[in-house]
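Taking it in order: structure first as structure tokens, then the write-up.
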Amino acid sequence: MGCVPTKYAGRSLHSLDTREAVALAAETSCEKVDLPDFVNIATGTAFTVNEVEALHDLFRKISNLIIKNNLISKEEFHVALFRNKKKKNLFVDRVFDLFDQKRNGVIEFGEFVRSLSVFHPDAPEEQKVAFAFKLYDLRQTGFIERNELKEMVLALLDESDLDITTDAVEMIVDRTFDQADTKGDGRIDQEEWTAFAKDNPYALRNMTLPYLKDITMVFPSFVVHSEISEADMAA
Numbered sequence: 001m002g003c004v005p006t007k008y009a010g011r012s013l014h015s016l017d018t019r020e021a022v023a024l025a026a027e028t029s030c031e032k033v034d035l036p037d038f039v040n041i042a043t044g045t046a047f048t049v050n051e052v053e054a055l056h057d058l059f060r061k062i063s064n065l066i067i068k069n070n071l072i073s074k075e076e077f078h079v080a081l082f083r084n085k086k087k088k089n090l091f092v093d094r095v096f097d098l099f100d101q102k103r104n105g106v107i108e109f110g111e112f113v114r115s116l117s118v119f120h121p122d123a124p125e126e127q128k129v130a131f132a133f134k135l136y137d138l139r140q141t142g143f144i145e146r147n148e149l150k151e152m153v154l155a156l157l158d159e160s161d162l163d164i165t166t167d168a169v170e171m172i173v174d175r176t177f178d179q180a181d182t183k184g185d186g187r188i189d190q191e192e193w194t195a196f197a198k199d200n201p202y203a204l205r206n207m208t209l210p211y212l213k214d215i216t217m218v219f220p221s222f223v224v225h226s227e228i229s230e231a232d233m234a235a
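Each residue of the sequence shown is one higher than the one before, counting from 1 in the UniProt record's numbering.
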């Protein structure tokens, strides 16, 4: 590999972080550099190339739970989160739909990494805000309606195994709309949601998975639970 710059000599491609790998591709005088897909997939995410490699091991396990095709189906997604393929939850369904960027009913590895990157502790807050807005915008109208918010609150409570009265749920929804619907039109748009999330950090709590910061040190099981508590709901 005489085309590799001296400063990278003797180093494995897998040992390079994303910026180094991209720099290698740009600096080499070769017509083509045989970089692994991990490099391209890591680019633009919060993950390094090594972390993407670790995620690939996790992805292979999940994507072969039911059908060995290296694609994550919705059923496998549920099994990975709940250890129960019969468990249904609107929150998990919405997360799956947003991971499935091609809208073809399965999650490919690139989609998995890019979507999971939003949950990284170092991911920009605006990405988390936008993703959370899409989660609540169940009908994909560009607005969060009151009934959509209520459906998602109930799903988050169910996913967190919290038992809260109907009156308490209505109070949560009413309070959220009182704060977020600043235009008073009975729905929450992207601008209003962004302002609400800034003033109410708990709204994004389920958008950060702390273990993603150390996935090459301690390999985790894949759990995207909301970690929501009764205290948060009453805040």
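Glycine included, each C-beta is placed from N, C-alpha and C at the ideal position.
- Residue 106 has 73 as its beta-bridge partners, per DSSP.
- Residue pairing for residue 62: DSSP places it in no beta bridge.
- Residue 208 sits away from residue 124, with the two beta carbons spaced by 7 angstroms or more.
- Bounds of the alpha helix (DSSP H) holding residue 136 are 125-136.
- A distance below 8 angstroms between beta-carbons, with the five flanking residues on each side excluded, links residue 135 to the following residues of its chain, in chain order: 91, 94, 95, 98, 152.
- The segment 58-66 and the segment 41-49 do not touch, with fewer than three beta-carbon pairs separated by less than 8 angstroms.
- For residue 112, same chain residues with a beta-carbon under 8 angstroms away, outside a window of 5 residues either side, are 55, 59, 72, 99 in chain order.
- With contacts defined by Cβ atoms closer than 7 angstroms, residue 188 and residue 181 form a contacting pair.
- Counting along the chain, the unbroken alpha helix (DSSP H) around residue 158 starts and ends at 146-159.
- At the C-beta level, residue 132 and residue 204 come within 7 angstroms of one another.
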